[in-house]
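Encoded as structure tokens, the structure appears first; notes follow it.
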Amino acid sequence: MLRFDPFSDFDALTRGLLSNQAGSNRSPRFMPMDLCKVDDHYLLTADLPGVDPGSVDVNVDNGTLTISAHRTARSEESVQWLANERFFGTYRRQLALGDGIDASAISATYENGVLSVTIPMAERAKPRKIEVAVSGDQKSIEPTTVEAG
Numbered sequence: 001m002l003r004f005d006p007f008s009d010f011d012a013l014t015r016g017l018l019s020n021q022a023g024s025n026r027s028p029r030f031m032p033m034d035l036c037k038v039d040d041h042y043l044l045t046a047d048l049p050g051v052d053p054g055s056v057d058v059n060v061d062n063g064t065l066t067i068s069a070h071r072t073a074r075s076e077e078s079v080q081w082l083a084n085e086r087f088f089g090t091y092r093r094q095l096a097l098g099d100g101i102d103a104s105a106i107s108a109t110y111e112n113g114v115l116s117v118t119i120p121m122a123e124r125a126k127p128r129k130i131e132v133a134v135s136g137d138q139k140s141i142e143p144t145t146v147e148a149g
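Using full-length UniProt numbering, you'd call the opening residue of the sequence shown number 1 and step up by one each time.
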């Protein structure tokens, strides 16, 4: 199989010039993720296909959530690559958590290459209804009609 792509070298050069990361062009550039609010918690989902589940690390320190994972490169010397586009190395993403997060109750699962992190809101940050008290000394004012005459 012969592959002809006259722009691949130009694309690689452009990516290298626009990237502020040092190292090989095979190292991961980003960890795609989604973040949404569901009822009383936030749900973060991150794509980490091919990552060893044992390398996934989620931790919270001083209001910062850090996610890291590692995908190992294929180490077979006898392989002749026809296409080699998948990144390998360490992925890392950090998010600042606000004051309204219950950091002690954060949980995470990794299934089918997707990391799901549940970030619950603290009780004090959840919306609540404030009941308005009415004092007993109030007198009601009844509407009256005035006759012209």
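Using N, Cα and C, we set each Cβ at its ideal position, and we do this for glycine too.
Determine the extent of the beta strand (DSSP E) in which residue i is found, giving its start and end residues.
i: I130; result: It is not in any beta strand (DSSP E) - I130 carries neither H nor E in the DSSP assignment.
i: R92; result: 89 to 96
i: D102; result: Careful: D102 lies outside any beta strand (DSSP E) and carries neither H nor E.
i: T45; result: 41 to 47
i: T64; result: 64 to 71
i: S116; result: 114 to 120
i: L35; result: 33 to 38
Would you say residue i and residue j are within 7 Å of each other, going by their C-beta atoms?
i: V56; j: A69; result: yes
i: F88; j: A73; result: yes
i: V58; j: A108; result: yes
i: A122; j: G100; result: yes
i: H41; j: P127; result: no
Please report the Cβ distance between residue i and residue j, rounded to the nearest whole angstrom; I am assuming they are in contact, meaning their Cβ atoms lie under 8 Å.
i: I130; j: R93; result: With 8 Å as the limit, I130 and R93 do not qualify as a contact, their Cβ atoms being about 37 Å apart.
i: Y110; j: P49; result: About 11 Å separates the two Cβ atoms, so there is no contact after all.
Spatial neighbours of residue i within its chain, please: C-beta separation below 8 Å, excluding the five flanking residues on both sides.
i: T64; result: Q94, L95, A96, L97
i: M31; result: A46, D47, L48, I67, A69, Y91, R92, R93
i: I106; result: V58, V60, L65, V117, T118, I119, P120
With a threshold of 6 Å on Cβ separation, who are the neighbours of residue i within its own chain once the five nearest residues in sequence on each side are excluded?
i: S116; result: T45, T109
i: D34; result: T45
i: V51; result: A69, R71
Just to confirm my understanding: we take residue i, look at its own chain, exclude 5 residues before and 5 after, and list those with CB closer than 7 Å. What are they?
i: D102; result: P120, M121, A122
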